[in-house]
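Residue numbers (the working numbering): 55 to 459. Below: the structure, in C-alpha cells.
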C-alpha cells in the first residue's frame, strides 16, 4: 500500500458483516468514503455483504469465499473476540505498511494492545454515547415506564460488555465520537479531551433526495418516525406530543420500525389513535421521507441520528432532542428540544402545523445544508481525524524518546 503523496494508509478492522444493516452499513459507507477522500484502505471485516470500492483491499477474518463462520453458533461476543485475535496476529507483518488502525467496539481489545506494543496509532469507533451512560439512562427510563428489557438487548445492563468496552476505550489512541453529545458523555465519565476525536456520519444522496411534487399547505401535517422503536429513541415522547398538538386532528403520524413487544404494549392506547399509522419495518423509507413534512427523533441517548441527515437530504424537516447530532440547527435546519421536554416538542409540532411558511423555510435550510452531511463529506472529516491522531501519536513518541535520554 503506497504512502506516496502523504496518503494515509489505514487498516479498517470490523468484527461483523460489512455492508449489512445498521452499524454494518455505517462501516461500509466509511470505507467507501475514505477511499473517495484519498486514503489507502485495507479492510479486515469478519465477512462482507456487498462489494466496496474497487481501490479498497479486503481480507475477511471469519469467511472464505461464500462460507462464513455462523455467529449464532459461536455467539456475537466470542465471534468478535476471534476476529480481534486474528487481526492482532496479522499486525506484525503490517508494521511500516499502515499509518493507523480504525477498530470497532467488542472486536478490538487484542488488536489495540498489539498495536500499542508495535507503536501503531489507533482510532476506536464509538457509535453511541459512552456505554455506561447509555445503559444507565435507558435503564432509568425503562424503570420509569415499567418496561423490562430482554437480557440480550443491546442497552440492557451487561457488566461484561461494559468492562470490555471501557478497556478498549483506554487502549485506543483516540476514541472517535460522531457528535458533541457523545463527547460530553465521555468527558462526564472523566475522559480527557485529548483522548477524543470528532468525526461525523452522513447520508447517501443517491438514495435520499427531495421529491418534486408541490406541497399543499392546506393538507394535514405528516410526521414520521424512522428506526427501531426502542425506549432510547423516545417514541413515547413523540406520541404524547403529537396527540397533544392540534396537528393530530388533521394530520398523520407514520411510525416505520420494529417494536420491542413490551414497549408496543405500553404505548398501545396512543398507537390506537386514528392519526397514528404503525407501518412496521419498511424498505421504502426514502420515499416515505420524501412524502413527509417532518421527522421526529426525541432520543434520550444517541450517537448521531443517521435519520436526521437522511431527512434533511429528503426535504423532511427534523424535530430532534439535544441528544441527537448538532447538524440539526435550531430554527435553521430544524427544531431542537431538551431531552424529555414534551411541552417544547408539542409546541414545535404545532408551530409547523400552523405556520407552513416556517416549515418551508426550515425545509429550504435543510436542503441547503444537506450537501455538507453526505457520506462523502463524512469520509473527508474522518480522514482529517486520522491525520490528527497520527500527528499526536508521533509527537507523543518523540516526547517520550526525549525524556528517556
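Where a beta carbon is used, it is the ideal one built from N, C-alpha and C, also for glycine. All figures in this text were calculated on a predicted structure; none of them were measured in a lab.
For residue j and residue i, believed in contact at Cβ under 8 angstroms, the rounded distance
i	j	result
residue 169	residue 155	5 angstroms
residue 285	residue 192	6 angstroms
residue 251	residue 442	6 angstroms
residue 396	residue 295	5 angstroms
residue 340	residue 261	5 angstroms
residue 430	residue 263	Residue 430 to residue 263, Cβ: 14 angstroms. No contact.
Option in the options with minimal Cα separation from residue i
i	options	result
residue 113	310, 102, 407 and 308	102
residue 403	274, 98 and 93	274
residue 258	353, 209, 433 and 386	433
residue 233	143, 302, 184 and 199	184
residue 287	95, 75 and 375	375
residue 363	388, 345, 271 and 299	388
residue 320	201, 146 and 371	201
residue 343	359, 132 and 372	372
residue 282	207, 424, 214 and 248	207
residue 521	444, 360, 410 and 109	The structure shown does not extend to residue 521, since the chain spans only 55 to 459, so no value can be given for it.
residue 150	338, 245, 356 and 175	175
residue 147	65, 82 and 134	65
residue 349	276, 77 and 409	276
residue 77	385, 358, 384 and 153	358
residue 60	447, 438 and 454	438
residue 120	104, 421 and 111	104
residue 230	400, 420, 81 and 399	81
residue 327	335, 304, 313 and 314	304
residue 336	315, 347 and 278	278
residue 421	365, 190 and 228	365
residue 423	409, 407, 370 and 454	370
residue 392	268, 436, 409 and 291	291
residue 355	79, 83, 181 and 84	181
residue 189	173, 214 and 177	214
Residue i in three-state terms, based on DSSP
i	result
residue 433	helix
residue 104	coil
residue 334	strand
residue 183	coil
residue 55	Caution applies to residue 55, whose pLDDT of 41 falls short of 50 and renders its modelled position unreliable; the model cannot decide the point.
residue 119	coil
residue 134	helix
residue 372	strand
residue 306	strand
residue 277	strand
residue 385	coil
residue 198	helix
residue 299	coil
residue 69	strand
residue 315	helix
residue 227	coil
residue 192	helix
residue 211	coil
residue 205	coil
residue 78	helix
residue 62	coil
residue 159	coil
residue 410	helix
Cβ shell of residue i (< 6 angstroms), same chain only, five flanking positions each side left out
i	result
residue 107	86 and 89
residue 219	159 and 185
residue 100	69, 70, 115, 116 and 137
residue 345	none
residue 141	67, 98 and 165
residue 179	158 and 230
residue 447	175 and 227
residue 435	253 and 254
residue 407	275 and 301
8 angstroms CB neighbourhood of residue i in its chain, flanking five on each side removed
i	result
residue 331	306, 307, 308 and 309
residue 136	115, 116, 123 and 128
residue 325	293, 309, 318 and 332
Chain-order list of residues whose beta-carbon lies under 7 angstroms from that of residue i (same chain, five-residue window excluded)
i	result
residue 58	Note that residue 58 scores a pLDDT of 43, beneath 50, so its modelled location is shaky; the value from the coordinates is reported in the next line. Excluding positions up to five away in sequence, the list is empty.
residue 163	138, 218, 221, 222 and 225
residue 405	412
residue 56	With a pLDDT of only 40 at residue 56, under the threshold of 50, the placement of this residue in the model should not be trusted; the figure read from the coordinates follows. 94.
residue 384	390
8 angstroms Cβ cutoff, residue i in contact with chain D
i	result
residue 247	No chain D appears in the structure shown, which is made up of a single protein chain.
### Query
Fully enclosed by the region 239–264, which beta strand (DSSP E) runs are 3 residues long or longer?
Secondary structure remark: continuous beta strand (DSSP E) runs of at least 3 residues inside the region 239–264, in chain order: 250–252.
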